[in-house]
Amino acid sequence: MDSTAYFGQWGGSFIPEVLHETFRHLERAFAEIKSDPAFWQEYITLMSTYSCRPTPLTHAENLSQHFGGAQIYIKREDLNHTGAHKANNVMGQGLLVKRMGKTRVIAETGAGQHGVATATMAAKFGFDCTIYMGEEDVARQRPNVFWMEKMGATVVTVRDGSRTLKDAINEAFRDWVTNMDTTHYVFGTACGPAPFPEMVSWLQSIIGQEAREQILRQHGRLPARIYACVGGGSNSLGIFSSFFGEADTELVGVEAGGHGLDSGQHASRLCGHDASPGVAQGYKTMFLQNSDGQMLDTHSVSAGLDYIGVSPILADHWEKKTVRFEAATDREVIEALDLTMKKEGIIPALESAHAFVQAFKEAPELSPDDAVIINMSGRGDKDIFTIAQAFDDPSWKDFIIQRAAAYQK
Amino acid sequence: MQLENYLRQKKATKDILLMTHIVLGYPSLDANRAVIEQMVAGGVDCIEMQIPFTEPMADGPIILKANQESIAGGTTVEECLAFGAEMSRTYEIPFLYMTYYNIIYKYGEARFLDRAAADGIAGLILPDLPPEEGAELCAAARKRGIAPILIFAPTSTEVRMRELSGHGAGFIYCTARRGVTGKHSQLDADFGDYLQRCRAATDLPLAVGFGIQSRTDVEALIGLADMAVIGSQTIKLVDEQGVAAVGPFIATLNDVSGTSS
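Chains as they are written, first to last, in the UniProt record's numbering: chain A, 1 to 409; chain B, 1 to 261.
The following block contains the structure:
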C-alpha cells in the first residue's frame with residue numbers, strides 16, 4: 001500500500017478484493033484534483049455561491065464576559081447550506097464524482113446532516129442518491145429523513161447490529177461492492193479506507209484556512225486554543241489543519257462522554273479507557289471493542305458522535321500528543337447549549353455543543369488577551385425533538401400531543 | 001501445500017468438489033456439531049468455519065444475521081477455536097477458518113496462527129485483508145502449513161490475479177459475482193470468460209462461491225472450477241427446516257459430483 005495510506009501506525013485500506021480497482025481509480029482521481037489548482041478554485045466558487053462560504057467567525061462577547069477569561073470566537077459552520085460542515089466534504093466529492101463520470105452516489109449518515117448534504121448535492125448535480133441510516137438514528141433525527149426524501153433521495157433504514165452509524169457504513173459498503181461501476185460512496189468523515197481520511201480532511205481544510213485568516217484579522221494573533229467535537233473527526237481536522245505545528249495554539253478534540261467515561265455508555269475512543277487498536281470498516285484505528293475484537297455499543301445524546309472508531313489521522317495526533325482529547329457528558333452538553341442560546345442567541349448542534357463544554361471549562365483560566373476558537377460544526381435546529389425532550393419542555397410536549405391527535409383523526 | 005495436494009487427490013475422483021460453510025455459534029455450537037456431522041456424512045470435501053464478527057462487511061443478510069445472533073448469544077473466539085480443534089480432530093476432511101481480520105489482529109497474528117496450526121486447521125479466509133495489508137500474515141501462515149486463501153473477483157485484472165495468486169496457497173476463492181454473499185448468482189456467458197481468466201492467472205485449484213444454491217448451480221461449474229462453495233444456503237435451510245434437512249440437501253449436491261466419476 002502506498003505510504004500515504006498510513007498516518008503513523010493508523011489507517012491503511014482493508015477492503016474486499018472486489019473494490020480493489022475502484023479504489024485505484026479513486027486514488028488516481030484524488031491525486032489529480034489535489035494537484036490541479038483549478039479544482040480548488042472551482043470548489044471555492046461553488047461553496048461561496050451555493051453555500052455561505054466563507055462562514056463568519058463570531059466574537060461571542062457575552063460568553064467571553066460571562067467566563068471572564070479568554071475571548072471566545074465561534075467559527076460558524078452552521079451557516080453552511082444544510083446547516084453543517086458536512087456540506088464542504090460533500091460538495092467537493094460531488095465535483096470529484098462529476099470528474100469520475102459516475103451517476104449515482106450513496107452515503108451513510110448518523111445525525112442525518114451528511115445524508116441531507118449528500119441528497120442536496122445529488123439533487124444539484126443530477127445524481128441518483130441512496131442514503132443508509134441506522135434505525136435508532138432515524139428515530140432520533142426524523143426531520144432529516146423527511147428532507148432527504150423530499151430532495152429525491154432513497155433513505156434505507158438499517159436494522160442490523162446497533163442500528164447506528166457503523167451499521168449504516170457496513171450497509172453502504174454492501175451497496176458499493178455491488179454497484180461500484182456507476183456509484184461513488186460519499187464517505188462522510190475522515191475515517192474508512194485510504195484515501196478517504198486524507199480526502200475528507202483536505203476538503204474540510206477550507207474551515208481552517210478561513211479561520212486562520214479571520215482570527216488574525218479580528219484578534220491580531222493566533223488563538224491560544226481551538227476546540228472541536230470529534231465523532232469521525234472531519235470538522236476538527238478541518239479547522240485544525242491550518243494550525244498544526246503552531247507552538248502557541250493548542251488543539252483540543254472533544255469526544256462524546258455520554259453518561260460518563262466510567263459508565264460504559266459513551267463514545268470516547270481517545271480520552272476514555274475502553275478503546276484499543278483494531279481494524280474494522282476498512283481502516284485501523286482505536287475502536288471501542290471488547291477483548292475478542294467485537295465492537296461495543298456506543299452512546300451519546302448526539303447521533304453524530306455516536307461511533308465506534310475515529311479518524312486514523314486523529315489517532316496519530318493523539319499518539320504523538322499534538323492534539324489533546326477531552327470528553328463532555330450528555331448533561332454538560334445540554335447545559336452548554338442552554339447557556340449559548342441565552343447569551344448569544346446561537347443554537348449549536350448537540351455534536352458541536354461538546355466543543356463548547358470544554359471551551360467553557362477552560363476559558364476562565366486564560367487571559368482576556370487570549371483568544372479561543374470553538375468550531376461550531378452545525379446548527380441545533382435539527383435536534384429540536386431531542387433538545388426539547390432533554391429540557392422536558394412542557395409547551396413543546398403539548399404541541400406534539402395535539403399535532404399527533406390531529407393526525408389520528 | 002497440504003490443502004492443495006488433498007484437493008488435487010480428491011479431484012481425481014470427482015468432477016467437482018464441495019466446500020460448505022457454517023457460522024460458529026449459530027444457531028449454537030451444538031447445532032454446528034450436528035450440521036457438520038451431516039455435511040461430512042454427505043461427502044463434502046472441506047468446511048469453512050466462520051468465526052463471527054460484529055462488522056461482517058462482505059456478507060449479505062443471512063450470514064450477517066447469523067454473525068450477530070451468534071455474538072449476541074455469547075459466542076467467544078476462544079469457544080470457536082476450541083470447537084475448530086475438536087472438528088479437526090474428529091473428522092478426516094480439512095477445516096478452514098473464515099473471519100475478518102480484526103479477530104486475528106486482536107488475538108495476535110502469531111498466536112492465532114500457532115494455535116490454528118497446532119489444531120490442524122488447513123486454511124484461512126479473510127475477505128477484508130488484501131495482500132497490501134496482509135502479505136506478512138500470508139507468509140507466516142504458509143510457513144506453518146496453513147493455506148492463506150486469496151480471493152479473485154470479477155473486477156480483478158489479470159495482473160492483479162497473478163499478484164494475488166503469488167500470496168495464496170491451497171486454492172483460490174473466486175467470487176461468482178459482485179456484491180455480498182447470499183444472493184443467487186446468474187452464471188452467464190461472461191462468467192465462463194471470467195473463470196478462464198482466473199484459470200490462466202493461477203496454478204492453484206479454483207473454488208467458486210457467492211450464490212451457489214442448487215444442484216444446477218454446482219453442475220454449471222463442472223469443467224470450469226475445481227470446487228463449489230455452498231454458503232448462505234445451508235444456513236437458510238437450517239433456519240427454515242432444521243438441522244436434519246442438511247444431510248439430504250448435501251446428498252443432492254454431491255450426487256452431481258459423483259455421477260460421472
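Just so it is clear, CB atoms sit at the ideal spot from N, CA and C, and this is done for glycine as well.
Within chain A, the residues that residue i reaches when beta carbons sit closer than 8 Å
i: glutamine 68/B; result: Asp160 and Gly161
i: alanine 153/B; result: Pro16, Glu17, Val18 and His20
i: valine 77/B; result: Asp292 and Gly293
i: valine 180/B; result: Arg174, Val177 and Thr178
i: threonine 157/B; result: Glu21
Closer than 7 Å at the beta carbon, the chain A residues around residue i
i: valine 35/B; result: Per Cβ cutoff of 7 Å: no residues; valine 35/B is ~23 Å from chain A at best.
i: arginine 160/B; result: His20
Distance, residue j Cα to residue i Cα
i: threonine 234/B; j: tyrosine 105/B; result: 29 Å
i: leucine 25/B; j: alanine 34/B; result: The sequence shown places glycine at residue 25/B, not leucine. C-alpha separation (whole angstroms): 12 Å.
i: phenylalanine 249/B; j: leucine 17/B; result: 15 Å
i: isoleucine 151/B; j: glycine 120/B; result: 22 Å
i: glycine 232/A; j: glycine 258/A; result: 16 Å
i: glutamate 77/A; j: proline 56/A; result: 8 Å
i: aspartate 398/A; j: leucine 350/A; result: 23 Å
i: phenylalanine 30/A; j: asparagine 80/A; result: 24 Å
i: serine 260/B; j: glutamine 38/B; result: Residue confidence for serine 260/B is low, a pLDDT of 41 falling below 50, so the modelled location carries little weight; the figure read from the coordinates is stated next. Those two C-alpha atoms are separated by around 23 Å.
i: tryptophan 147/A; j: valine 23/B; result: 40 Å
i: alanine 66/B; j: threonine 76/B; result: 14 Å
i: glycine 287/A; j: threonine 298/A; result: Checking the sequence, you will find phenylalanine at residue 287/A rather than glycine. Straight-line Cα distance between these residues: approximately 11 Å.
i: alanine 228/A; j: alanine 119/A; result: 25 Å
i: alanine 84/A; j: valine 230/A; result: 14 Å
i: glutamine 186/B; j: alanine 251/B; result: 23 Å
i: isoleucine 334/A; j: alanine 404/A; result: 26 Å
i: asparagine 375/A; j: threonine 157/B; result: 45 Å
i: valine 186/A; j: glycine 192/B; result: 34 Å
i: alanine 275/A; j: phenylalanine 325/A; result: 14 Å
i: alanine 147/B; j: aspartate 59/B; result: 22 Å
i: isoleucine 373/A; j: methionine 47/A; result: 22 Å
i: glycine 238/A; j: serine 70/B; result: 40 Å
i: leucine 165/A; j: lysine 14/B; result: 47 Å
i: isoleucine 207/A; j: histidine 219/A; result: 17 Å
i: glycine 309/A; j: threonine 285/A; result: 7 Å
i: histidine 317/A; j: histidine 184/B; result: 45 Å
Contact set between residue i and chain B, taken where Cβ atoms lie within less than 8 Å
i: phenylalanine 14/A; result: Tyr101, Asp128, Leu129, Pro130 and Glu133
i: methionine 295/A; result: Thr54 and Glu55
i: asparagine 235/A; result: Here the premise fails: no neighbours, minimum Cβ distance about 24 Å.
i: glutamine 281/A; result: Glu55 and Met57
Environment of residue i [buried if 16+ CB atoms lie within 10 Å]
i: histidine 354/A; result: buried
i: tyrosine 407/A; result: exposed
i: glutamate 61/A; result: exposed
i: aspartate 248/A; result: exposed
i: arginine 144/B; result: exposed
i: histidine 273/A; result: exposed
i: serine 257/B; result: Bear in mind that the predicted position of serine 257/B carries a pLDDT of just 48, short of 50, making it unreliable; the figure below should be weighed with that in mind. With 16 or more Cβ atoms within 10 Å of its Cβ, serine 257/B is classed as buried.
i: residue 487/A; result: Residue coverage of chain A in this structure runs from 1 to 409, which leaves residue 487/A outside it and unanswerable.
i: glutamine 50/B; result: buried
i: proline 364/A; result: exposed
i: leucine 64/B; result: buried
i: glycine 245/A; result: exposed
i: threonine 154/A; result: exposed
i: proline 394/A; result: exposed
i: aspartate 262/A; result: exposed
i: lysine 75/A; result: buried
Under 7 Å by beta carbon: chain B residues contacting residue i
i: lysine 343/A; result: Per Cβ cutoff of 7 Å: no residues; lysine 343/A is ~42 Å from chain B at best.
i: asparagine 170/A; result: Glu55 and Met57
i: lysine 166/A; result: Glu55
Partners in chain A for residue i, counting only beta-carbon separations shorter than 9 Å
i: leucine 64/B; result: Asp160, Gly161, Asn170 and Arg174
i: isoleucine 71/B; result: Asp292 and Gln294
Chain C contact residues for residue i, given Cβ-Cβ distances below 7 Å
i: serine 165/B; result: The structure shown contains no chain C; its protein chains are A and B.
(request) Output, in sequence order along the chain, the residues in the region 17-30 of chain A whose CB is closer than 7 Å to any CB in chain B. (result) Among the residues of the region 17-30 of chain A, those with a Cβ less than 7 Å away from any Cβ of chain B are Glu17, Val18, His20 and Glu21, in the order of the chain.
(request) Select from the region 102-120 of chain B all residues with a C-beta closer than 8 Å to any C-beta belonging to chain A, and list them in chain order. (result) Per Cβ criterion, the list reads Asn102, Ile103, Tyr105, Lys106 and Tyr107.
(message) Output needed in chain order: residues of the region 264-279 of chain A with a Cβ under 9 Å from some Cβ in chain B.
(response) For the region 264-279 of chain A, which is checked against every Cβ of chain B, the residues closer than 9 Å are Ser276, Pro277, Gly278 and Val279.
(request) Jot down the residue ranges of each uninterrupted beta strand (DSSP E) in the region 265-340 of chain A, minimum 3 residues, whole runs only, in chain order. (result) Within the region 265-340 of chain A, the complete beta strand (DSSP E) segments of 3 residues or longer fall at 275-280, 283-288 and 324-329, listed in chain order.
(message) For a minimum of 3 consecutive residues, which ranges assigned as the beta strand (DSSP E) are wholly contained in the region 85-111 of chain B?
(response) If one requires a minimum length of 3 residues, the beta strand (DSSP E) runs lying completely within the region 85-111 of chain B are 95-98, in chain order.
(request) Starting from the N-terminal side, write out each stretch of the beta strand (DSSP E) that is 3 residues or longer and does not extend beyond the region 163-210 of chain B. (result) With a minimum length of 3 residues, the continuous beta strand (DSSP E) runs that stay inside the region 163-210 of chain B are 172-175 and 206-209.
(message) To test your reading of the DSSP string, which unbroken beta strand (DSSP E) runs of 3 or more residues are found completely within the region 6-87 of chain B?
(response) Along the length of the region 6-87 of chain B, whole beta strand (DSSP E) runs at least 3 residues long occupy 17-23 and 46-50, reported in chain order.
(request) Taking only beta carbons into account, state which residues of the region 172-205 of chain B come closer than 7 Å to chain A, listed in chain order. (result) Hits within the stretch, in order: Thr175, Arg178, Gly179 and Val180.
(request) Could you name each continuous alpha helix (DSSP H) segment of 4 residues or more that falls completely within the region 139-201 of chain A, going from the start of the chain to the end? (result) Here the runs fully enclosed are 142-150 and 165-179.
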